[in-house]
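Chains as they are written, first to last, in our numbering: chain A, 15 to 279; chain B, 23 to 480. Backbone N, C-alpha and C fix where the C-beta goes; we use that ideal spot for every residue, glycine too.
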Ligand SMILES: Nc1ncnc2c1ncn2[C@@H]1O[C@H](COP(=O)(O)OP(=O)(O)OP(=O)(O)O)[C@@H](O)[C@H]1O
Ligand SMILES: [Mg+2]
């Protein structure tokens, strides 16, 4: 039993998907991320936890260079995806974002039909050769987003007309449709009821078979349920990064301990 | 003398406010819970006095003149007005008024001097009466408002009722003005159509609005076909839009999404200055710079170009319209939530793809609104066209020819000494009516299109 676990961990260690070394992020004068080093493994769910404003979203957005779109944001340090520096000038952020998909905290379906929402990514990246192809991708993605049954009869209706939880699952399906290798999720369940949350968590667990998933969450239980690795951020520092059960049962840092027991944050 | 009633009113409003507020405060200090805050009690009294008394004063001031005039004229000795037509009666009244102001020319008859005295006395009486009435009404209302102050009097609802009444009144002012304009336009248009058959006006291809001024004058009969004039408007509007829409839209898109922030902070105000340039100045620019340039360019490649061209006028008008379109489009694009941009970029869209597939459709209603405003401006623009396009109505769609527009024709029809009983001047109203209908139709049509294709966020 113990050997098995050791073995599993070794496999994970060798399959590192993303490595970050001394990453610093400044918004103008605000120093939001301070010298963060982290290794994100492939086919694993990594959870980022920490009090509000500690820089979880900021760090997440570094991983697909979404921070490029903010004028005042400056990112330094090294971030490698499959061993290649994503900030190198030969890397096209547009292609990077097709590889590293993102689901945002607030559901943001486009004001288009449900079908067009899902088809958006495949269309701009030319993933479907025919209309039939696209139909297949749309159905598959909606199924993976656990929303197919609810919307299959109204694919031509606007995605903005769905409920908040349905919208969020639509956004997850939309991100999955582009077949990313890494999926970044920024508090994907903050607008969902417990049932939809359970569905999304199940989905995340499924996605782990093929993707590497990074999820930001404020719910300790959620982090414990879905993730294998957990990173605790505090005031821009990565305080502790370890296996999830280690973090929750045997935290090394006193700040981590006070956070998970509810004393700070 | 007229300021006194207003001063009185202000005083009454203040006193009413203070009285009620103090009364309410006393009740509260006495240990009762008030339904409304004390300031609402004060406001209630103030508004209750202000609105009716102000209306009363204004009505009085408006009606005072005609009523006193009528009383003076009615009190004249019998027989002095017998042989006079309405113009003559007006003249007598004017003379009486000038005598009352002490401007005496020649030796007026005794009855005129007597009437002038009467005029002065009536005015003085009216002033005193007004002051007395204002004081009385104010006191009455003040007393009434004061009597309402109790612990559970709903002063806040009262104030809100009065204020919402005022707001309803203000918002209907615009509606009634529009209705008034339509009614007067329609009336004059029908008078025009009595002189010129509708079919001649709508389908005629000649516009020569001359008519004989005297019975015996030999002049052309006049032709009132609006088509050439309308076509001129269309040509110029199209030229203006061809210039303004692409430039305005692309500059908005660039400024909104692609421009560095520094550039944006310089270019945007400069664009907005364009909107503040008076149209006359654009007119100068059109005649002095653009028209000669177009002409020499056309001649150098062997084209026959008129000195006044639709192209020059329309082109300059287009430049004038750029800021309308660009600032409307910019506002509409900025209003699209950041989350949608993030969503598109996060899926690996380029900025260009995000613009065309997400931002633009979402911002469409605002963008079309700006274009519509530009169309209305182009159709209604007069000054640039008068200066740069000419006055001759020709049935042509050649932008290198000189054309005229509906608004320009309206101006030329109404300039100079005109009486409003011949088809020449009435034609101006018919043209105005058509212009109104055309813009209305464009607006309705565009709104439908937008409703069909818009992608509404939230
Ligand atoms: N666009 C921005 N411009 C300026 N400062 C920003 C911006 N976004 C974030 N920050 C700052 O960076 C810091 C980290 O913010 P971030 O959004 O990453 O926190 P977070 O951990 O995601 O918090 P939450 O849990 O509330 O989402 C904060 O101090 C915030 O003020
Ligand atoms: Mg966040």
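Expected contact under 8 Å - CB spacing of residue i and residue j to nearest Å
{"i": "residue 384/B", "j": "residue 65/A", "result": "No, residue 384/B and residue 65/A are not in contact; Cβ-Cβ is about 35 Å, not under 8 Å."}
{"i": "residue 74/A", "j": "residue 200/A", "result": "6 Å"}
{"i": "residue 236/A", "j": "residue 216/A", "result": "The Cβ separation is near 12 Å, so there is no contact."}
{"i": "residue 79/B", "j": "residue 27/B", "result": "5 Å"}
{"i": "residue 387/B", "j": "residue 217/B", "result": "Rounded, the Cβ-Cβ distance is 43 Å, inconsistent with contact."}
{"i": "residue 67/B", "j": "residue 87/B", "result": "So it is not a contact: roughly 32 Å between Cβ atoms."}
{"i": "residue 151/A", "j": "residue 136/A", "result": "5 Å"}
{"i": "residue 115/A", "j": "residue 189/A", "result": "4 Å"}
{"i": "residue 73/B", "j": "residue 184/B", "result": "6 Å"}
{"i": "residue 90/B", "j": "residue 151/B", "result": "Not a contact, Cβ separation roughly 11 Å."}
{"i": "residue 254/B", "j": "residue 397/B", "result": "Not quite, the Cβ-Cβ distance comes to about 16 Å (not below 8 Å), so this is no contact."}
Check: residue i C-beta below 6 Å from any heavy atom of ligand 2
{"i": "residue 71/A", "result": "yes"}
Listed by chain order, chain B residues near residue i by CB distance under 7 Å
{"i": "residue 126/A", "result": "477"}
{"i": "residue 129/A", "result": "Under the 7 Å cutoff, chain B gives no residues; its nearest Cβ is about 14 Å from residue 129/A."}
{"i": "residue 228/A", "result": "Residues of chain B passing the Cβ test: none, with the nearest at roughly 13 Å."}
Near ligand 1: residue i beta-carbon under 6 Å from a heavy atom
{"i": "residue 212/A", "result": "no"}
{"i": "residue 385/B", "result": "no"}
{"i": "residue 67/A", "result": "yes"}
{"i": "residue 273/A", "result": "no"}
{"i": "residue 39/B", "result": "no"}
{"i": "residue 83/A", "result": "no"}
{"i": "residue 44/A", "result": "yes"}
{"i": "residue 304/B", "result": "no"}
{"i": "residue 129/A", "result": "no"}
{"i": "residue 225/A", "result": "no"}
{"i": "residue 62/B", "result": "no"}
{"i": "residue 41/A", "result": "yes"}
Residue i - partner residues in DSSP beta bridges
{"i": "residue 229/B", "result": "246/B"}
{"i": "residue 94/A", "result": "33/A and 99/A"}
{"i": "residue 172/A", "result": "127/A"}
{"i": "residue 95/B", "result": "Its beta-bridge partners do not exist; DSSP assigns none."}
{"i": "residue 243/A", "result": "60/A and 257/A"}
{"i": "residue 198/A", "result": "116/A and 228/A"}
{"i": "residue 44/A", "result": "41/A"}
{"i": "residue 105/B", "result": "None, per the DSSP bridge assignment."}
{"i": "residue 54/A", "result": "32/A"}
{"i": "residue 252/A", "result": "247/A"}
{"i": "residue 88/A", "result": "40/A"}
Residues that residue i contacts on chain A, provided the C-beta gap is smaller than 7 Å
{"i": "residue 367/B", "result": "80, 83 and 111"}
{"i": "residue 404/B", "result": "Near residue 404/B there are no residues of chain A at all, since even the closest Cβ is about 40 Å away, more than 7 Å."}
{"i": "residue 384/B", "result": "125"}
{"i": "residue 375/B", "result": "138"}
{"i": "residue 390/B", "result": "Ordered by position in chain A, no residue passes the 7 Å Cβ test against residue 390/B, which lies about 16 Å from the chain."}
Interface residues of chain B facing residue i [CB-CB closer than 8 Å]
{"i": "residue 189/A", "result": "368 and 369"}
{"i": "residue 122/A", "result": "359, 361, 362, 364 and 365"}
{"i": "residue 118/A", "result": "361, 364, 365 and 368"}
{"i": "residue 196/A", "result": "In chain order: nothing, as chain B lies at least about 12 Å away."}
Beta-carbon neighbours of residue i, restricted to chain A and to distances below 9 Å
{"i": "residue 283/B", "result": "85"}
{"i": "residue 481/B", "result": "Because chain B spans 23 through 480 in this model, residue 481/B falls outside it and cannot be assessed."}
Contacts that residue i makes with chain B (C-beta to C-beta distance below 9 Å)
{"i": "residue 179/A", "result": "Chain B residues near residue 179/A: none, gap ~16 Å exceeds 9 Å."}
{"i": "residue 115/A", "result": "368, 369 and 370"}
{"i": "residue 44/A", "result": "Near residue 44/A there are no residues of chain B at all, since even the closest Cβ is about 18 Å away, more than 9 Å."}
{"i": "residue 192/A", "result": "369 and 370"}
{"i": "residue 174/A", "result": "477, 478, 479 and 480"}
{"i": "residue 214/A", "result": "The contacting residues do not exist; residue 214/A stays about 17 Å from chain B at best."}
Closer than 6 Å: residue i CB and nearest ligand 3 heavy atom
{"i": "residue 479/B", "result": "As far as ligands go, the structure on display features ligand 1 and ligand 2 and does not contain ligand 3."}
Evaluate contact between the stretch 370-386 of chain B and the stretch 266-282 of chain B, counting only Cβ atoms and requiring at least three cross-stretch pairs below 8 Å.
-> yes
Three-pair Cβ contact test at 8 Å for the stretch 90-108 of chain B versus the stretch 52-61 of chain B = With a cut-off of 8 Å, the stretch 52-61 of chain B and the stretch 90-108 of chain B do not count as touching, because too few Cβ pairs lie within range.
Is the stretch 358-366 of chain B touching the stretch 315-332 of chain B, taking contact as three or more C-beta pairs under 8 Å?
-> no
Evaluate contact between the stretch 298-313 of chain B and the stretch 260-277 of chain B, counting only Cβ atoms and requiring at least three cross-stretch pairs below 8 Å.
-> no
Any chance the stretch 151-160 of chain B sits against the stretch 124-140 of chain B, with 3 or more Cβ pairs inside 8 Å?
-> Judged by Cβ distances under 8 Å, the stretch 151-160 of chain B makes no contact with the stretch 124-140 of chain B, as fewer than three pairs qualify.
At least three beta-carbon pairs within less than 8 Å, the stretch 50-59 of chain A to the stretch 177-185 of chain A = no
Could you say if the stretch 341-357 of chain B and the stretch 408-417 of chain B meet the contact criterion of at least three C-beta pairs nearer than 8 Å?
-> no
Spell out a yes or no on whether the stretch 41-49 of chain B and the stretch 166-173 of chain B are touching, meaning 3 or more CB-CB pairs, one atom from each, closer than 8 Å.
-> yes
Just checking, does the stretch 77-84 of chain A make contact with the stretch 148-163 of chain A on the three C-beta pairs under 8 Å criterion?
-> The answer is no - the stretch 148-163 of chain A does not touch the stretch 77-84 of chain A, with fewer than three Cβ pairs under 8 Å.
Does the stretch 223-231 of chain B come close enough to the stretch 245-253 of chain B to have 3 or more Cβ pairs within less than 8 Å?
-> yes
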